[in-house]
Each structure stands twice: as C-alpha cells, then as structure tokens.
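**Student:** For the record, the sequence lines run as chains A and B.
Each step along the first sequence adds one to the number in the numbering used here, with nothing skipped, and position 131 is 131.
Each step along the second sequence adds one to the number in the numbering used here, with nothing skipped, and position 136 is 136.
Even glycine gets a Cβ: it sits at the ideal position worked out from N, Cα and C.
Would you mind keeping the following structure in view while I ask a few things?
2 protein chains.
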Amino acid sequence: MKKRTQAAPRARSTYRHGDLRRALLTAGIELARGGGPDAVVLREATRRAGVVPNAAYRHFAGRSALLAAVRAAALSMLAVAMEAELAKLDPRRPPADFARASLRAVGSAYLRFAQTETGLFRTAFSAPEESEITDDPAKAGHTGRNPFQLLSDALDRLMAAGLLPPARRPDAEYLAWSTVHGLAMLFIEGPLNRMPAAQRREIEQRLLKMVEEGL
Amino acid sequence: MKKRTQAAPRARSTYRHGDLRRALLTAGIELARGGGPDAVVLREATRRAGVVPNAAYRHFAGRSALLAAVRAAALSMLAVAMEAELAKLDPRRPPADFARASLRAVGSAYLRFAQTETGLFRTAFSAPEESEITDDPAKAGHTGRNPFQLLSDALDRLMAAGLLPPARRPDAEYLAWSTVHGLAMLFIEGPLNRMPAAQRREIEQRLLKMVEEGL
DNA sequence: CAGAATTGTGTACACCGTCCACAAGCCTAT
DNA sequence: ATAGGCTTGTGGACGGTGTACACAATTCTG
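Structure (structure tokens):
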C-alpha cells in the first residue's frame, strides 16, 4: 500500500515554475517532517511541486544536495525554537540565575524539538558525507546564531557568572550537547520511545541538573 | 578471523545452498559494517551469497527482517566488546573501585565500539518500526546479557558499593546511556567527527567522570 | 530583434524491494 | 521403492528510485 498525499499539484499555466527551488525545499521539509531523512525523496518533491523529476537538477546537484538544504533548514528551525525559549527569560535576573536558566532553556528546547518535530530533528542530525562545520547562515535562527553557537553562548554566560570554572570551559559544549543529544535519541528512536511523557520530563530534569552540576 | 567472501561468489554445485540464512546474515553484517543500515541491501546480500534475489524471502520476510537480524547481531557484538572490557578488571579489588571501574569499562567499550565499528554501531541503533525491548538472546553477548543489561549491572554494583544513593538508582541507566550515546553520535556523525583522537580521549574521560559523579 | 542562457520536458538506464508462478531436490508415508 | 508433498532456489515482472543525455520552451541580453 502506497501513500497518496496530493496537496493540490495545481497545474501551472506558465512554462516556468517561478520559484521551484523554494517549492522543492518546502516539499522536502514536509517529507522530512513526516519521515525523517530517508523520506526526502527527490521524485516525490518534484511531484509535489508539479514538475517533472529532472527539473530538480536545475536547482540541486542531486538528492543529497536537496537533503543538505533540508538539513540546514531543520537546524535553523531548531535554532529558532531555542531562541524562543531563551526569549522567555528575563535578562535582568541575577546573572547566575540567568546563566543557569539559559543553559536550561537551550537544553529544554532541544529536547522538546526532538520530540515534537521528530522527523526534522532526525534529519538535522543525519550524517552527511563529510560533516560541514560551516557557518552557513541557513542553519541559524533569527539572531544569526546556530544551535551550537546558542549553546556556547549559554556556557559563556555560565562562566561569566562564576558558575563554571574557566578551566572547564573549553569543550564544555561537547559534554553538554552529548548528554542532551543522547537523551533525545533514546527518546525518539531508542528504547525510551514508549516512555510516558511524565516520566520523560522527570528524566529530562535530572539530566539537565546533572549537566549543570557536573560540567 | 574474518573471511573474505567478497570477490568470490563461488558458484555452488548443489541446488541447495545449505546455509543460506547464515550466509545472508553475514553478508548483511559485512554490508552494515561498511555503510551503516542503509547499506544493508537485500539484493547485494543475495549476490554475495551466490543466489538469486528472491531466495532471501525463504529466510527473511523482507529487507527489514534481514536488517533486524543484522541489528541484533550488531548489538550482540557490542555486548561482547563490553564483556571483554569488563573481563580485564580484577573482581578482587575493593568493591567501590570495582564498581566504578565497571561503569567506566562499559562506557569505554561503548565509545570504542562506536568509533571502531561505526557502521555496525549505527546499524545497532537505527530506528526499527517499533522499538522492541525484547530479551532476544541474539542481542546478547557471551554472558547472555545485552548491552543495556550490562550497564544496569554496573549501576547495581555502584549502588551496592554505596557510591550511588538508592534514591537515584531508578532510571539511572537512562542518564548514563544518554550521555555516552550522545557523545558517540557526535563523534561519528556529528560535528566532532574530525576531532583528533587525543582530544576525543580527553573529552571521553571528562564525560565519564561527569557521569560517575553526577548520577 | 536575434542569439544565448536558463529552466523545464522526454526518454532511458541501472538499481532497488517484492510478488507470482514454477522447478529442483529432499523427506516421508505408504 | 516410490509417489506425493514440502522446502528451497529460479525466472520473470512490476513499480519505485536516482540520475544522465538530448531537446524544447521561455526569458534575458547585446
């Protein structure tokens, strides 16, 4: 049995599509949202854009290029989610409080995004050929910072507030990220994917606390 | 110890293959080793077994069934790696030392396996349709315990040695696992995949220490 | 306004997973 | 021992995929 999702291909009158690149990207995002990286299939994207398969090659070098673009978009959405969580905080709170809350906000947003937008999350962190550590603005949120940088900022604040010894600051993002990322993975495609939400929240809290204290 | 069945399909004389299921499984493992779960392709496995594609269906319900078998085998190998690391420890050491070392051994083996057998590791933790928390012995090592259970054992020892407050024992495996799993993922398909080995080791040590103290 | 550049089309190929009908060999009951 | 049946491998086919090549339709530019 096959999935037949026709979102009104809307036959166009003009020969040119007009905005095919964007159309393919949004189609790809939608596919990723529903089924993770493997669901991003070129032909389906072109189908949804109302165009013949090969047309995609005028805008992306191939499937993997499209996937890379979707991945960047997913990372950007994650960054936006983090920024939203950070924006809730009152920056006039005592620096120590604010710093701790910042780190927590980043972690919480990460975990929520993973469980809310599972397909996109999995896509965001699916292995590319060679990991690009680029500063591609396509991966950033509204502030222009990508998820990794937002985490770094939070850690900087923690150090500035005297809660993180400078000696432990280097590479601290890797420790923090590992921890949260691992839990997210166990939740969404590991043995914890049937755990009730309440229990999840509790473990999330314990984990964030462990990071806060153990860094 | 490893056989090179790659280049020589070795046309068989008998009509029956004799041990096709195992041949397909080993071929699948080899494929997974080289390219992760996506590389486990049914037709290629049958090709290596010197058999026509459809023959696979006499032994596996389909590609996903083969993949599941490969996944179980990968988990079993991980368990074996953990057991080997644990076996190096001297059980006559003071219980506290032994407990701490046990947890460390499990974590180290996990991280080493992830970086040494990347393809198999990624396969082991690729999402199945619905996560099976079964006690399938195919996932266990020589002791009959699977990776998750080996971790649990180590934590039990930690608690018995008085190093882990009983109140924090429940669900502690999830915290520990998350942390190590996350680091492994960042190493193999995250932004840390170009990090030099020396730096990796250092971060691993910091992470394991954080878990030990922060649980 | 003609020619060039861009963008979408058509056709084709190789590969994949899987379904169906059939053949080859082994097993067992008569 | 032998006739049937069961298991296992074969052959062919179908629809799906990514992608290469030649070509047509449009827009851009000198």
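(1) Can you tell me the Cα-Cα spacing of residue 184 (chain B) and residue 183 (chain A), whole angstroms?
(2) Within the continuous alpha helix (DSSP H) that includes residue 117 (chain A), where are the two ends?
(3) Expressed to the nearest angstrom, what Euclidean distance is found between the alpha-carbon atoms of residue 17 (chain B) and residue 84 (chain B)?
(4) Evaluate the contact criterion for the stretch 75 to 89 of chain B versus the stretch 51 to 64 of chain B: three or more CB pairs, one atom per stretch, below 8 Å.
(5) Regarding residue 26 (chain B) and the ligand GTP, is the C-beta to nearest heavy atom distance less than 7 Å?
(6) Is the beta carbon of residue 155 (chain A) sitting closer than 8 Å to the one on residue 172 (chain A)?
(7) Within 10 angstroms of its Cβ, does residue 208 (chain A) collect 16 or more other Cβ (buried), or is it exposed?
(8) For residue 207 (chain B), return the contacting residues in chain A, with the cut-off set at a CB-CB distance below 7 Å.
(9) Using the Cα positions of residue 170 (chain B) and residue 95 (chain B), report the straight-line distance between them to the nearest angstrom.
(10) Return the chain-ordered list of same chain residues with a C-beta closer than 6 Å to the C-beta of residue 126 (chain A), the five sequence neighbours on each side being excluded.
(11) Could you check whether residue 206 (chain B) and residue 175 (chain A) sit closer than 8 Å to each other, using their CB atoms as the reference points?
(12) With a cut-off of 8 Å on the beta carbons, I'd call residue 34 (chain A) and residue 119 (chain A) a contact; round off their distance for me.
(13) Around the C-beta of residue 91 (chain A), are 16 or more other C-beta atoms found within 10 angstroms, so that it is buried, or is it exposed?
(14) Does the beta carbon of residue 66 (chain A) sit closer than 8 Å to a beta carbon anywhere in chain B?
(15) What first and last residue would you give for the alpha helix (DSSP H) that runs through residue 153 (chain B)?
(16) State yes or no: is the C-beta of residue 67 (chain B) within less than 8 Å of the C-beta of residue 56 (chain B)?
(17) How would you list, in chain order, the residues of chain A whose beta-carbon sits under 9 Å from the beta-carbon of residue 171 (chain B)?
(18) For residue 125 (chain B), which of helix, strand or coil comes out of DSSP?
(19) If the cut is a Cβ gap below 9 Å, which residues of chain B does residue 127 (chain A) touch?
(20) In chain A, what lies closer than 8 Å to residue 98 (chain B) by C-beta?
(21) Does the beta carbon of residue 28 (chain A) come closer than 8 Å to any beta carbon on chain B?
(22) Would you tell me roughly how many angstroms separate the C-alpha atoms of residue 69 (chain A) and residue 102 (chain B), rounded to the nearest one?
(23) Ordered along the chain, which non-local residues of its own chain (more than five positions away) have a Cβ less than 6 Å from that of residue 73 (chain B)?
(24) Tell me, to the nearest whole angstrom, how far the beta carbon of residue 150 (chain B) is from that of residue 198 (chain B); I am working on the premise that it is less than 8 Å.
(25) Residue 182 (chain B) CB to nearest chain A CB: under 8 Å?
(26) If you run the structure through DSSP and keep just helix, strand and coil, what is residue 62 (chain B)?
(27) Looking at residue 187 (chain B) and residue 201 (chain B), is the spacing between their C-beta atoms short of 8 Å?
**Tutor:** Considering the structure as presented:
(1) Start at 1 with the first residue of the second sequence, and residue 184 (chain B) comes out as number 184. Start at 1 with the first residue of the first sequence, and residue 183 (chain A) comes out as number 183. Whole-angstrom Cα-Cα distance: 12 Å.
(2) Sequence index remark: in the first sequence, residue 117 (chain A) carries index 117 (1-based). Looking at the DSSP string, residue 117 (chain A) is not in any alpha helix (DSSP H), and its letter there is neither H nor E.
(3) For this step, residue 17 (chain B) is matched to residue 17 along the second sequence. For this step, residue 84 (chain B) is matched to residue 84 along the second sequence. In a straight line, the C-alpha of residue 17 (chain B) is about 34 Å away from that of residue 84 (chain B).
(4) Taking 8 Å as the limit for Cβ pairs, the verdict is that the stretch 51 to 64 of chain B does not touch the stretch 75 to 89 of chain B.
(5) The ligand GTP is absent from the structure shown, which contains no ligand whatsoever.
(6) Looking up residue 155 (chain A) in the first sequence gives position 155. Looking up residue 172 (chain A) in the first sequence gives position 172. Result yes, Cβ atoms of residue 155 (chain A) and residue 172 (chain A) sit closer than 8 Å.
(7) In the first sequence, counting from the first residue as 1, residue 208 (chain A) sits at position 208. It is buried - the Cβ of residue 208 (chain A) has at least 16 other Cβ atoms within 10 Å.
(8) Counting from 1 along the second sequence, the entry for residue 207 (chain B) is found at position 207. Within chain A, the residues near residue 207 (chain B) are 175, 178.
(9) As a first step, residue 170 (chain B) must be located in the second sequence, where it is residue number 170. As a first step, residue 95 (chain B) must be located in the second sequence, where it is residue number 95. If you take the alpha carbons of residue 170 (chain B) and residue 95 (chain B), they lie about 20 Å apart.
(10) What you label residue 126 (chain A) is simply residue 126 of the first sequence in a count that begins at 1. If you ignore the 5 residues before and after residue 126 (chain A), its C-beta comes within less than 6 Å of the C-beta of 37, all in its own chain and listed in chain order.
(11) Within the first sequence, the letter at position 175 stands for residue 175 (chain A). Within the second sequence, the letter at position 206 stands for residue 206 (chain B). A contact, by the Cβ cut-off of 8 Å.
(12) Indexing the first sequence from 1 puts residue 34 (chain A) at position 34. Indexing the first sequence from 1 puts residue 119 (chain A) at position 119. Indeed, because the Cβ distance is near 6 Å, the residues count as touching under 8 Å.
(13) As a first step, residue 91 (chain A) is located in the first sequence; it is residue number 91 there, counting from the start. Label assigned to residue 91 (chain A): exposed.
(14) Here residue 66 (chain A) corresponds to residue number 66 of the first sequence, with the count starting at 1. Chain B contact via Cβ: absent.
(15) Numbered from its first residue, the second sequence carries residue 153 (chain B) at position 153. For residue 153 (chain B), the uninterrupted alpha helix (DSSP H) segment begins and ends at 147 to 160.
(16) Here residue 67 (chain B) corresponds to residue number 67 of the second sequence, with the count starting at 1. Here residue 56 (chain B) corresponds to residue number 56 of the second sequence, with the count starting at 1. In this structure, residue 56 (chain B) does not lie closer than 8 Å to residue 67 (chain B) by Cβ.
(17) As a working note, residue 171 (chain B) is residue 171 in the second sequence. Those within 9 Å of residue 171 (chain B) in chain A are 199, 202, 203, 206.
(18) Within the second sequence, residue 125 (chain B) is the residue found at index 125, counting from 1. Reduced to three states, the DSSP call for residue 125 (chain B) is coil.
(19) Along the first sequence, one-based indexing puts residue 127 (chain A) at 127. Contact of residue 127 (chain A) with chain B by beta-carbon distance below 9 Å involves 36, 122, 188, 189, 190, 193.
(20) The residue you call residue 98 (chain B) lines up with position 98 of the second sequence. Within 8 Å Cβ-Cβ: nothing; residue 98 (chain B) doesn't reach chain A, min ~22 Å.
(21) Here residue 28 (chain A) refers to the residue found at position 28 of the first sequence. Not one beta carbon of chain B lies nearer than 8 Å to the beta carbon of residue 28 (chain A).
(22) Along the first sequence, read from residue 1 onward, the residue named residue 69 (chain A) stands at position 69. Along the second sequence, read from residue 1 onward, the residue named residue 102 (chain B) stands at position 102. One C-alpha to the other measures close to 43 Å.
(23) As a position in the second sequence, residue 73 (chain B) is number 73, starting the count at 1. So the list reads 29, once near-sequence residues are dropped.
(24) Here residue 150 (chain B) refers to the residue found at position 150 when the second sequence is read from its first residue. Here residue 198 (chain B) refers to the residue found at position 198 when the second sequence is read from its first residue. Actually they do not touch by this definition, with Cβ atoms about 28 Å apart.
(25) Numbered from 1 along the second sequence, position 182 holds the residue referred to as residue 182 (chain B). Chain A, which has a Cβ nearer than 8 Å to the Cβ of residue 182 (chain B), makes this yes.
(26) In the second sequence, residue 62 (chain B) corresponds to position 62, counting from 1. Reduced to three states, the DSSP call for residue 62 (chain B) is coil.
(27) Here residue 201 (chain B) corresponds to residue number 201 of the second sequence, with the count starting at 1. Here residue 187 (chain B) corresponds to residue number 187 of the second sequence, with the count starting at 1. Not in contact: residue 201 (chain B) and residue 187 (chain B) (Cβ atoms no closer than 8 Å).
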